[in-house]
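In our numbering, the protein residues as written are 2 to 229.
Each residue gets a CB set at the ideal place from its N, CA and C atoms; glycine is no exception.
As structure tokens, the structure follows; a few thoughts come after it.
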């Protein structure tokens, strides 16, 4: 009888311990769930408003600014922020001064990019004691033809080899056509024949005049020959 009572008391003890452990685990689970829900609710309270697209002149500086909203509720305070692009997290305020970052921990956060030479996408994440917020993608675009305005001209293209060979060929054809046209005019048309006849007559007169002068000088000199 005494053995049975001892076993009963031990069984009650074990059940009591098991109940207490189960109760503790239940409370812990509820606490974790409440923390997660609170975190999600807080994240919804903090948001960022940024421009979707920002244009910049080639090799000029540009500043991206995002406005932090709902930070005044529940005494929210900024803790940290991180800018990123397609290459990963951005190291702000380094010695290179390529990226300059800052914020007032309450209303805005900004990023200044020095001497923009390529387009890229940027995002920022803000952490506060009320949660965190991540911006939508901000696309930085270079204004069309702004590289020409800044004096960066495209490399001139050299004329193709085929075109360089075509120019002398075309000139040769034009010269040949001109020569053929002149010959046709002189030997086929009446006007051309008249011009040729006049040229021949003028040449004969010139020859006769030259021969006459030669004979006249021969008479008046002691020379026995004259080249005429």
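Residue 127 is bridged by DSSP to 82, 134. Secondary structure at residue 60: coil, using DSSP grouped into helix, strand and coil. A distance of 7 Å or more separates the beta carbons of residue 71 and residue 115. In the DSSP assignment, residue 139 falls within the unbroken beta strand (DSSP E) covering 139 to 143. Setting aside the 5 residues that flank it on each side, residue 133 is surrounded in the same chain by 44, 47, 126, 127, each with a C-beta closer than 8 Å to its C-beta; the list follows chain order.
In the three-state reduction of the DSSP assignment, residue 180 falls in the helix class.
The beta-bridge partner set that DSSP reports for residue 48 consists of 70. In this structure, residue 139 places its C-beta atom within 7 Å of the C-beta atom of residue 65. Close CB contacts of residue 107 within its chain, under the 6 Å cut and outside five residues either way in sequence, are with 72 (chain order).
Around residue 193, the same chain offers 186, 187 as residues with beta carbons nearer than 7 Å, after the five sequence neighbours per side are excluded.
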